[in-house]
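Peer 1: First to last, the protein sequences are chains A and B. Heads up, the first sequence is in my numbering, so the first residue is 1414 and it goes up one at a time. Heads up, the second sequence is in my numbering, so the first residue is 166 and it goes up one at a time. Here a beta-carbon is modelled for each residue, glycine too, at the ideal position from N, C-alpha and C.
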Amino acid sequence: MTCLPAPSAKKLGLVIDLDTCVGCQACATSCKEWNTQGYSAPLTDANPRSADPLGTWLNRIHGYEVKEADNENSRIVNFPRSCLHCETPACVTVCPTGASYKRAEDGIVLVNPDVCIGCKLCSWACPYGAREYDYSHGVMKKCTLCVDRIYNENFVEEDRVPACVKACPTGARHFGDLGDANSKVSKLVAERGGYDLLPEMGTKPVNKYLPPRARRDATTLPPESLPKGDGSAIDRLFAWADGLLGGKQAAPRSTKKTKG
Amino acid sequence: MNPAYSVLLFTTASGAGYGMLALLGLTGFSHGPASSMAFALVSMVIALGLITVGLLSSTFHLGHPERAWRAVSQWRSSWLSREGVAAIITYGPALLFGAVWSGLIDAPQLIAPLGLFTAVMCAVTVFSTGKIYSTLNTIRAWNQPLTVPVYLSFALASGAAVLMAVAVIFGRFQTFQLALGASALLLIAVLKFLYWKAIDNAPRDRTMANATGLGAGVRQWELPHTARNFIQKEMGFVVARRHSEKLRALFFILLAIVAAAYGACLISPWFALIAAPVLLFAAWVERWLFFAEGEHVVTLFYGNQQA
C-alpha cells in the first residue's frame, strides 16, 4: 500500500554531524559493501573500470565550500546525502505498484524489488535524490537504514546499527529513534540545533543534520591573539631557528624582524 | 528533466488518440449512428491505435515491463496508477461504442450513453496524465495550475486535427469540425503562452543555501562521484535558455502553419492532411520542452544555486 500509514511513534533515522564529518567516504563504501549483498538485489556498477562508470549507491558524500563572511577564509563542509526516511515521503504515494512503502512500525521507507516496475516516478518525486535507478536490475534502489542489520539477532548488540554508522571513524553518524524525545539522537538534535533539508517541500524528513559548529569560540583563538615576539634574545633565537628550519617562507615570530 | 522519447511518444500519441476518441464519442452522443460503417471503423481503429501505441511505448521506459499490470493497484494514492486504471477502463466502453456506433452491433439506444461514457473516460485519463506531472512539487515548471489544462487542450486539439484529416479522406468534412479544430488550436496557443509566462515569472526561491542548510555563502566544491550518476542523467537535464526560446518560437510557427492550413480548408478540405501531422509535431516539440524546461530541486545539491 502506497497510502501512508498513521505516523509511527518510533521514527528510526540518522543524525549526521556536518561538523565532524571528514569526507572520508567510509560510510559510502561500507554502505555499498553491505547493501550489495543484503536486503535488495545487488547494487550494480556498469562499466566500473571504464572512463565512464555508472554505479548505484545509496549514500553520496558532497563537498561544499562555505564562506560565512567576506573577511573570512572559506571552509569545506562534507555533506553525506542519503534517504531521510521522511514522515510524509512523496516517493511512496506516487508509486503505482505498491513496491514503495513506509513501515508502520518504525517509519523506514523501503522498496520491494520484486514488485517495482522501474518507472522512476519516485525518483522524480523525491527532492533529495535519495533514490537511484539500478539499470541492470531495472528497479529502484534506496537506503534501507540497514533493516537487515538493525534487527539482526545474529549480531552482537553494538553491531545492530546501519553499516554507515558502524563505519564512520569520526562518529559523525548517529542512529536512533527520533520519535522518542529522550533518545540520545533526539537530545543531540535539540542540543546542536539539528535541522531538516528543504523543509518547504513538506516531506518532513526524519533524518537531521547538525550544523558545523561556529568557527571561533572560547576554545579556538583568533589568529591575532597568537603570542607576539617581544624582541628578546631568546625570541630572536627562536626566530632564527624558525627561519633556518622553514626556509624563506617561515614567518618571523618577532614583529621587529622582517627578514626571513 | 530528461525528455525520454518513450514518454514523449506516449503523451503525444495517446493524447491525440484520447482527444479523437472523445470527439467520436460525443459525435455518437449527439448524432446517433455513424453515417458510414467504414468511416466509423477506420476512425475508431486510428483513435484506439494511437492510444495503444502510446500506452505500449510508455512501458518501454519501465525496468520491468512484464510487471506493468501491478501499476493499477495503487489508485488510492498514485496518479500514475489512476491513469493506468482509467486507460484500461476506457477500452471497455470505447470498444462497445465502436461496435454499436458503426452498426456492427445493432443497438442504437446504447450509442448515446456509451459515447458519453467513452468521452468522459478519455477526459479522466488525460486529466490523470496531467496530474502525474502537476502534483510533483519538486519540479516547479510542472507544479503549475496550467499543467493539467495544457494536457487536456493538447489532447483535444491534436485529436480534432487527426479526426478532421480522417473525415476529409472519407468525404465527411464539415465546417463545424474546422471551427472546433481552430478553437482548440487557439486554446493551446493561449494556454501555452500563459504557461510559459507563468514559469518564466515563477520565483526561483529554492536555493542551495536552503537545501544544504549551510547559508548564503555555500557553493559546490567537490562532487561525490567522478562520473555522472542516475540523478544527474535523469534530473540534471535542463535545456539552455537560448535553445528553449528557439524551440518556443518554432512551436508558435508550427501553430501558425496549422492555422494557415485550417484557413485553406475553407478552399479545399484536403489541407487538413497537412494540419494534422504539423500539429502532432508541434505537440512533440511542446512535450520535449515541457521536460527539458523542468528544473528539479535535487539539482541544488549538484551545484545549481537556485531552482
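For a test of the three-state rule: what should DSSP assign to A/T1616, helix, strand or coil?
Peer 2: Coil.
Peer 1: Closer than 7 Å by beta-carbon distance: list the chain B residues that pair up with A/W1653, in chain order.
Peer 2: Those within 7 Å of A/W1653 in chain B number zero; the least Cβ separation is about 39 Å.
Peer 1: Taking only beta carbons into account, state which residues of the segment 1563-1592 of chain A come closer than 9 Å to chain B, listed in chain order.
Peer 2: Within the segment 1563-1592 of chain A, no residue qualifies.
Peer 1: I'd like the ranges of any alpha helix (DSSP H) spanning at least 4 consecutive residues and lying wholly in the segment 1433-1483 of chain A.
Peer 2: 1439-1448, all fully within the segment 1433-1483 of chain A.
Peer 1: Which ranges does the beta strand (DSSP E) cover as unbroken runs of at least 3 residues, wholly within the segment 1476-1561 of chain A, from first to last along the chain?
Peer 2: Counting whole runs of 3 or more residues, the segment 1476-1561 of chain A contains the beta strand (DSSP E) stretches 1488-1495, 1513-1515, 1522-1524, 1545-1547, 1552-1554.
Peer 1: Could you name the residues of chain B that A/T1415 contacts, counting a contact when the two beta carbons are closer than 7 Å?
Peer 2: Per Cβ cutoff of 7 Å: Q239, S242, S243.
Peer 1: State the Cα-Cα distance for the pair B/W449 and A/K1621, rounded to the nearest angstrom.
Peer 2: Answer to the nearest angstrom: the Cα atoms are 42 Å apart.
Peer 1: Count the other C-beta atoms from every protein chain shown that fall within 10 angstroms of the C-beta of A/V1522, then say buried if there are 16 or more, exposed otherwise.
Peer 2: The residue is buried, with at least 16 neighbouring Cβ atoms inside 10 Å.
Peer 1: Give the interface partners of B/T377 over in chain A, defined as CB-CB distance under 7 Å, in chain order.
Peer 2: Ordered by position in chain A, the residues that pass the 7 Å Cβ test against B/T377 are Y1477, F1492.
Peer 1: Quick one: give me the first and last residue of the alpha helix (DSSP H) that B/Y360 is part of.
Peer 2: Run containing B/Y360: 340-366, per the alpha helix (DSSP H) assignment.
Peer 1: Strictly below 7 Å CB to CB, what residues from chain A border B/T192?
Peer 2: Those do not exist, as B/T192 stays about 33 Å from chain A at its closest Cβ, beyond 7 Å.
Peer 1: In whole angstroms, what is the alpha-carbon distance linking B/K398 and A/H1498?
Peer 2: Spanning the two alpha carbons is a distance of roughly 24 Å.
Peer 1: Report, in whole angstroms, the separation of the C-beta atoms of A/C1535 and A/C1504, which I expect to be a contact under 8 Å.
Peer 2: Contact holds; Cβ gap of about 4 Å.
Peer 1: Would you call B/R369 buried or exposed, if buried means 16 or more other Cβ atoms sit within 10 Å of its Cβ?
Peer 2: Classification for B/R369: exposed.
Peer 1: Within the 9 Å Cβ cut-off, does A/T1510 reach chain B?
Peer 2: True, the Cβ-Cβ gap to chain B drops below 9 Å.
Peer 1: Under 8 Å from any heavy atom of the ligand NAD, does the C-beta of B/P442 make it?
Peer 2: Absence of the ligand NAD is noted for the structure shown, with no ligands found whatsoever.
Peer 1: Please report how far the alpha carbon of B/Q239 lies from the alpha carbon of A/T1415, in whole angstroms.
Peer 2: Approximately 6 Å between the Cα atoms of the pair.
Peer 1: Using the beta-carbon of each residue, which ones in chain B are nearer than 8 Å to A/C1559?
Peer 2: Per Cβ cutoff of 8 Å: no residues; A/C1559 is ~20 Å from chain B at best.
Peer 1: Compute the Euclidean distance between the alpha carbons of A/E1518 and A/A1543, then round it to the nearest angstrom.
Peer 2: Between A/E1518 and A/A1543, the C-alpha separation is close to 22 Å.
Peer 1: Which of the residues in the segment 1515-1532 of chain A, read from start to end, lie with their CB under 8 Å from any CB of chain B?
Peer 2: So the close ones are V1528, C1529, I1530, G1531, C1532.
Peer 1: Once the 5 residues before and after B/K296 are set aside, which same chain residues still bring their CB inside 7 Å of it?
Peer 2: Answer for B/K296: W244, V313, listed in chain order.
Peer 1: State the CB to CB distance for the pair B/E231 and B/T290, rounded to an integer number of angstroms; the pair is presumed to be in contact (CB under 8 Å).
Peer 2: No, B/E231 and B/T290 are not in contact; Cβ-Cβ is about 23 Å, not under 8 Å.
Peer 1: Who are A/K1621's beta bridge partners in DSSP?
Peer 2: Beta-bridge pairing links A/K1621 to A/V1428.
Peer 1: Would A/D1590 be called buried (16 or more neighbouring beta carbons within 10 Å of its own) or exposed?
Peer 2: The residue is buried, with at least 16 neighbouring Cβ atoms inside 10 Å.
Peer 1: Per DSSP, what kind of secondary structure is A/F1568 in: helix, strand or coil?
Peer 2: Residue state, collapsed to three classes: coil.
Peer 1: Give a yes or no on whether the minimum CB-CB distance between A/Y1622 and chain B is below 9 Å.
Peer 2: Chain B, which has a Cβ nearer than 9 Å to the Cβ of A/Y1622, makes this yes.
Peer 1: What is the DSSP secondary structure of A/G1644, reduced to helix, strand or coil?
Peer 2: In this structure, A/G1644 counts as coil in the three-state DSSP scheme.
Peer 1: Ordered along the chain, which non-local residues of its own chain (more than five positions away) have a Cβ less than 8 Å from that of A/G1511?
Peer 2: Cβ neighbours of A/G1511 beyond the five flanking positions: M1414, T1415, N1525, V1528.
Peer 1: So for B/E460, helix, strand or coil by DSSP?
Peer 2: Note: B/E460 maps to coil in three-state DSSP.
Peer 1: State buried or exposed for B/Q274, treating a residue as buried only when at least 16 other CB atoms are found within 10 Å of its CB.
Peer 2: Under this definition B/Q274 is an exposed residue.
Peer 1: Verify whether the separation of the beta carbon atoms of B/Y467 and B/L388 is less than 9 Å.
Peer 2: Taking 9 Å as the Cβ cut-off, B/Y467 and B/L388 qualify as a contacting pair.
Peer 1: Strictly by DSSP, which residues pair up with B/H229?
Peer 2: Answer by DSSP bridge pairing: none, since B/H229 is not bridged.
Peer 1: Starting from B/A247, trace the alpha helix (DSSP H) in both directions and tell me its first and last residue.
Peer 2: This sequence places Arg at residue 247 of chain B; Ala is not what is there. Per DSSP, B/R247 belongs to the alpha helix (DSSP H) from 244-267.
Peer 1: In the DSSP assignment, find the alpha helix (DSSP H) that holds A/R1605 and state where it starts and stops.
Peer 2: A/R1605 -> alpha helix (DSSP H) spans 1597-1605.
Peer 1: A/S1421 and A/G1520 look like a contact to me (Cβ under 8 Å); what is the Cβ gap, rounded to whole Å?
Peer 2: Correct: roughly 5 Å between the Cβ atoms.
Peer 1: Would you call the CB atoms of A/A1454 and A/D1572 closer than 9 Å?
Peer 2: No, these two residues do not count as a Cβ contact at 9 Å.
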